[in-house]
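What follows is a short report on a single structure.
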Amino acid sequence: MSSIPIEHGLVLSAILFAIGLIGVLTRRNIVFVLMSLEIMLNASGLAFIVAASRWGHAEGQVMFLMILTLAAAEVAVGLGLIIQMFRQFKTIDINVLSEMKG
Amino acid sequence: MIVLFYIAAVVAVIATIAVILQTNIVHALLYMVVSLLAIAVIFYVLGAPFAAVLEAIVYAGAIMVLFLFVIMMLNLGQHTRNEEKSWLTPRGWIGPSILSGILLAQLLSVMADLDHDIIPKQVGVMEVSALLFGPYVLAVELASILLLAGLVAAYHLAKPK
Numbered sequence: 005m006s007s008i009p010i011e012h013g014l015v016l017s018a019i020l021f022a023i024g025l026i027g028v029l030t031r032r033n034i035v036f037v038l039m040s041l042e043i044m045l046n047a048s049g050l051a052f053i054v055a056a057s058r059w060g061h062a063e064g065q066v067m068f069l070m071i072l073t074l075a076a077a078e079v080a081v082g083l084g085l086i087i088q089m090f091r092q093f094k095t096i097d098i099n100v101l102s103e104m105k106g
Numbered sequence: 083m084i085v086l087f088y089i090a091a092v093v094a095v096i097a098t099i100a101v102i103l104q105t106n107i108v109h110a111l112l113y114m115v116v117s118l119l120a121i122a123v124i125f126y127v128l129g130a131p132f133a134a135v136l137e138a139i140v141y142a143g144a145i146m147v148l149f150l151f152v153i154m155m156l157n158l159g160q161h162t163r164n165e166e167k168s169w170l171t172p173r174g175w176i177g178p179s180i181l182s183g184i185l186l187a188q189l190l191s192v193m194a195d196l197d198h199d200i201i202p203k204q205v206g207v208m209e210v211s212a213l214l215f216g217p218y219v220l221a222v223e224l225a226s227i228l229l230l231a232g233l234v235a236a237y238h239l240a241k242p243k
């Protein structure tokens, strides 16, 4: 046995994506929300690699590189926003942001 | 090699669940590093060594260290841990978990009748970089501009008023 059914790779990616989704919906700490977004992006990258590996292509790795770049840029901007939020509100609870006044 | 895939998959799922259940941010970050390294092992087993190395260096290295720096800057104390514990009530997470579970079940049912087998074959740096600097060179340039925009935006947003 030297082959992996493609479902197993895709199921793993779907499970990781669902865990990340639960994290985004459940947590009230904005750092955890950003981390769960990372989990979801990573799961989609895993799906690309699994699919590319089935057909022996290199395109999946190129797409993974694009996702990696996107994640890095997103984290940089998101963490800048978190720092600014902590300066203004002295908390990292996202419910505070629902006030919509300065 | 195939056994490594399943071991790493189990480690990745457990570590990822631990990330979203933690109340201490630094512990969650360390679990996240474990999960990312497990996924890097999966990439290697699937025959994508370049992606595996990038996952370990960029995700587990650079991005997680960025998180760590911000957590150090925020300087959160013990009271945030207690706050976290009071936020993580069953009433808060059961609803989202059921909805995500339904979505997951739908995804799984869509994938149920695939019958392709992966026979891992190494696709090395040569093939990937031939594509990156061949047909996808515009995407690489756009990615560099995106990173530059991210750098400028992060500098501007985090600047003290």
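Protein chains in written order, with our numbering: chain L, 5 to 106; chain R, 83 to 243. Even glycine gets a Cβ: it sits at the ideal position worked out from N, Cα and C. Just so we're clear, the structure is a prediction, and the values are computed from it rather than from any experiment.
Three-state class that DSSP yields for residue i in the structure shown
{"i": "residue 96/L", "result": "coil"}
{"i": "residue 201/R", "result": "coil"}
{"i": "residue 9/L", "result": "strand"}
{"i": "residue 225/R", "result": "helix"}
{"i": "residue 218/R", "result": "coil"}
Residue i, enclosing alpha helix (DSSP H) - first and last residue
{"i": "residue 167/R", "result": "160-169"}
{"i": "residue 121/R", "result": "107-127"}
{"i": "residue 58/L", "result": "34-59"}
{"i": "residue 153/R", "result": "146-156"}
{"i": "residue 209/R", "result": "207-214"}
{"i": "residue 142/R", "result": "No alpha helix (DSSP H) contains residue 142/R, which DSSP labels as neither H nor E."}
{"i": "residue 193/R", "result": "172-193"}
{"i": "residue 130/R", "result": "No alpha helix (DSSP H) contains residue 130/R, which DSSP labels as neither H nor E."}
Residue nearest to residue i in terms of C-alpha spacing, selected from the options
{"i": "residue 77/L", "options": "15/L, 18/L, 27/L, 45/L", "result": "45/L"}
{"i": "residue 241/R", "options": "56/L, 88/L, 41/L, 30/L", "result": "88/L"}
{"i": "residue 243/R", "options": "84/L, 21/L, 75/L", "result": "84/L"}
{"i": "residue 178/R", "options": "102/R, 110/R, 239/R", "result": "102/R"}
For residue j and residue i, believed in contact at Cβ under 8 Å, the rounded distance
{"i": "residue 72/L", "j": "residue 50/L", "result": "Not quite, the Cβ-Cβ distance comes to about 12 Å (not below 8 Å), so this is no contact."}
{"i": "residue 31/L", "j": "residue 40/L", "result": "7 Å"}
{"i": "residue 126/R", "j": "residue 120/R", "result": "Rounded, the Cβ-Cβ distance is 11 Å, inconsistent with contact."}
Cβ of residue i within 8 Å of any chain L Cβ
{"i": "residue 143/R", "result": "no"}
{"i": "residue 218/R", "result": "yes"}
{"i": "residue 84/R", "result": "yes"}
{"i": "residue 223/R", "result": "no"}
{"i": "residue 138/R", "result": "no"}
Short CB-CB distance (under 8 Å) between residue i and chain R
{"i": "residue 35/L", "result": "yes"}
{"i": "residue 101/L", "result": "no"}
{"i": "residue 96/L", "result": "yes"}
Residue i beta carbon near the ligand MN (any heavy atom closer than 7 Å)
{"i": "residue 150/R", "result": "Among the components modelled here there is no ligand, and therefore nothing to report on the ligand MN."}
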